[in-house]
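Asks:
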Amino acid sequence: MTFALLRIALATAALAVSLSATVASAQTCTPAVPKSELIAEGKIMLSTNPTLPPLQFVDASGELKGMNLELAAELGRRLCLKAETVRMDFPAMIPALKAARFDGINTGMFFTEERSRVMWTIPYAMAAIDIVAVPGSKRTIGSPDALSDLAIGVEADSYQERWLKEREKDNVAKGRKPLRILSFPTASEVMAGLRAGQFDIAAFPNYAGGAFVKAGQATMLLPAQGASPTMMSFRSKPVADAVVKAFNDMIKDGTYDRILDQYGMTKLPERVIAIRGTGPV
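If you count the sequence shown from 1, position 272 lands on 414 in this note's numbering, and the numbers rise without skipping.
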């Protein structure tokens with residue numbers, strides 16, 4: 143046998159060993175969810191709107207990054223499923239989930255009772271709302287009462303938009319002028335509108351507001367309003383049940399703390415992950 147043939151034979155043998163190990167590994171990994179409960183066999187497909195750093199964003203090389211992407215990958219590994227991301231603007235997500243376009247929503251969505259009645263909702267962290275202005279702004283806001291008669295940009299169909307509308311009702315009931323709420327499809331468009339002077343101030347989830355302030359893109363005016371859990375949501379209860387188990391296993395082995403601490407997210411005080419609400423009714 144020539145040296146070249148020997149090299150080919152050795153390489154072929156090594157590849158065979160590698161493939162055997164891969165097959166053996168796959169055989170020991172059984173998906174935690176029946177394929178009948180998934181949109182695509184072998185995958186857990188999750189939607190995200192990558193405009194909210196540090197939870198989900200697109201980096202300079204065009205890659206999806208952030209805490210929710212890491213959580214999805216870890217959950218996929220534990221469920222023996224490939225985590226696949228579906229990019230979509232937030233307002234379309236709940237209708238698309240109902241239409242079985244994907245398995246779940248993984249976009250830092252705030253928990254509400256209404257949402258818990260149309261999806262299987264799993265709170266996994268805490269978040270709030272930050273009110274910000276352009277860098278160097280001299281404006282001061284001491285409380286939500288001071289939002290009256292201000293033009294404020296916000297992501298459409300979001301928890302923060304709902305919170306602003308509730309503040310508007312309160313202010314009008316107290317005889318104050320209403321807020322002027324301008325809604326946009328994405329947080330990126332809200333930030334672009336703020337920088338272009340289309341409105342006075344903007345409302346973001348606090349993880350995004352804090353990131354914009356840290357990057358010098360905004361000035362904090364009123365932090366940490368309307369605290370509420372942030373959640374993942376699913377169309378299938380067996381999928382949600384499997385995700386709950388994986389999350390609680392992550393709490394037990396420290397993975398949950400490591401990932402959330404890395405991104406400065408506030409953990410659930412009860413330290414137990416569970417489905418909250420009735421689910422689809």
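Glycine included, every Cβ here is placed at the ideal spot set by N, Cα and C. Being a predicted model, the structure only gives us computed values, none of them experimental.
If you draw a straight line from the C-alpha of Asp342 to the C-alpha of Ala298, how long is it?
Replies: As a first step, residue 342 must be located in the sequence shown, where it is residue number 200. As a first step, residue 298 must be located in the sequence shown, where it is residue number 156. Rounded to the nearest angstrom, the two C-alpha atoms are 17 Å apart.
Asks: In angstroms with no decimal places, state the Cα-to-Cα distance between Tyr306 and Leu364.
Replies: For this step, residue 306 is matched to residue 164 along the sequence shown. For this step, residue 364 is matched to residue 222 along the sequence shown. Here residue 306 is Leu; the residue named in the question, Tyr, does not match the sequence. The alpha-carbon atoms of Leu306 and Leu364 are separated by roughly 13 Å.
Asks: Excluding the five sequence neighbours on either side, which residues of its own chain have a C-beta within less than 8 Å of the C-beta of Tyr405, listed in chain order?
Replies: Taking the sequence shown and counting its residues from 1, one reaches residue 405 at position 263. Cβ neighbours of Tyr405 beyond the five flanking positions: Pro196, Leu197, Gly208, Met209, Tyr349.
Asks: Note down the Cα distance separating Gly284 from Lys319, rounded to an integer number of angstroms.
Replies: Taking the first residue of the sequence shown as position 1, residue 284 is located at position 142. Taking the first residue of the sequence shown as position 1, residue 319 is located at position 177. Going from the Cα of Gly284 to the Cα of Lys319 covers about 17 Å.
Asks: Smallest Cα separation from Phe326: which of Ser178, Asn390, Asp231?
Replies: Here residue 326 corresponds to residue number 184 of the sequence shown, with the count starting at 1. That would be Asp231, whose Cα lies nearest to the Cα of Phe326.
Asks: Which residues in the same chain as Pro286 place their Cβ atom closer than 6 Å to its Cβ, once the five residues preceding and following it in sequence are excluded?
Replies: For the purposes of this step, residue 286 is taken as the residue at position 144 of the sequence shown. Taken in chain order, the residues that qualify are Arg309.
Asks: Consult DSSP for Asn390 and reduce its assignment to one of helix, strand or coil.
Replies: For this step, residue 390 is matched to residue 248 along the sequence shown. Asn390: helix per DSSP, three-state reduction.
Asks: When the Cα of Met373 is compared with those of Leu188, Asn313, Lys177, Pro173, which residue comes out closest?
Replies: Walking along the sequence shown from the start, residue 373 turns up at place 231. Of the candidates Leu188, Asn313, Lys177, Pro173, the one whose C-alpha sits nearest the C-alpha of Met373 is Leu188.
Asks: What distance in whole Å lies between the Cβ atoms of Lys185 and Lys224, which are believed to be in contact at a cut-off of 8 Å?
Replies: The count along the sequence shown starts at 1 and reaches residue 224 at position 82. The count along the sequence shown starts at 1 and reaches residue 185 at position 43. Correct: roughly 5 Å between the Cβ atoms.
Asks: Using 8 Å for Cβ pairs, my map puts Asp272 next to Ala366. What's the rounded Cβ distance?
Replies: Position 130 of the sequence shown, counting from 1, holds the residue named residue 272. Position 224 of the sequence shown, counting from 1, holds the residue named residue 366. Rounded, the Cβ-Cβ distance is 7 Å, consistent with contact.
Asks: Closer than 8 Å is the cut-off here; do at least three beta carbon pairs connect the segment 369–385 with the segment 247–264?
Replies: yes
Asks: What residue range does the beta strand (DSSP E) around Thr282 cover?
Replies: Taking the first residue of the sequence shown as 1, we reach residue 282 at position 140. No beta strand (DSSP E) contains Thr282, which DSSP labels as neither H nor E.
Asks: Could you check if Val296 is buried or exposed, using at least 16 other CB atoms within 10 Å of its CB as the buried criterion?
Replies: Position 154 of the sequence shown holds residue 296. Per the 10 Å Cβ criterion, buried.
Asks: If I follow the unbroken beta strand (DSSP E) through Ala345, where does it start and stop?
Replies: Within the sequence shown, residue 345 is the residue found at index 203, counting from 1. From DSSP, the beta strand (DSSP E) with Ala345 extends over 343–347.
Asks: Let me confirm a value: Glu255 is counted as buried when at least 16 other C-beta atoms fall within 10 Å, else exposed. Which label applies?
Replies: Here residue 255 refers to the residue found at position 113 when the sequence shown is read from its first residue. Counting Cβ neighbours within 10 Å, Glu255 comes out exposed, since fewer than 16 surround it.
Asks: By a C-beta neighbour count over all protein chains shown, 10 Å radius and 16 as the cutoff for buried, is Glu212 buried or exposed?
Replies: Start at 1 with the first residue of the sequence shown, and residue 212 comes out as number 70. Per the 10 Å Cβ criterion, buried.
Asks: Considering only residues of the same chain and omitting the five flanking positions on each side of Gly317, which have a CB-CB separation below 6 Å?
Replies: As a first step, residue 317 is located in the sequence shown; it is residue number 175 there, counting from the start. There are no such residues.
Asks: Rounded to whole angstroms, what's the CA-CA distance from Ala182 to Val381? Just pull it up for me.
Replies: Here residue 182 is taken as the residue at index 40 of the sequence shown, counted from 1. Here residue 381 is taken as the residue at index 239 of the sequence shown, counted from 1. So the two alpha carbons sit approximately 13 Å from each other.
Asks: Would you mind reading off the limits of the beta strand (DSSP E) that contains Thr372?
Replies: Within the sequence shown, residue 372 is the residue found at index 230, counting from 1. Element bounds for Thr372: 361–376.
Asks: Leaving out five residues on either side along the sequence, give the residues of the same chain with a beta carbon under 8 Å from the beta carbon of Thr172.
Replies: By 1-based counting over the sequence shown, the position of residue 172 is 30. Contacts found: Cys222.
Asks: For Gly358, which residues of its own chain have a beta-carbon under 7 Å away from its beta-carbon, when the five flanking residues on both sides are left out?
Replies: Numbered from 1 along the sequence shown, position 216 holds the residue referred to as residue 358. Only Pro277 meet the Cβ criterion.
Asks: Residues bridged to Pro265 by DSSP?
Replies: Taking the first residue of the sequence shown as position 1, residue 265 is located at position 123. Answer by DSSP bridge pairing, in chain order: Met373.
Asks: In angstroms, rounded to a whole number, what distance separates the CA positions of Leu321 and Ala293?
Replies: Against the sequence shown, residue 321 aligns to sequence position 179. Against the sequence shown, residue 293 aligns to sequence position 151. The straight-line gap from Cα to Cα measures roughly 6 Å.
Asks: One question on the structure: do Thr190 and Thr227 come within less than 7 Å of each other, judged by their Cβ atoms?
Replies: For the purposes of this step, residue 190 is taken as the residue at position 48 of the sequence shown. For the purposes of this step, residue 227 is taken as the residue at position 85 of the sequence shown. Cβ atoms of Thr190 and Thr227: closer than 7 Å.
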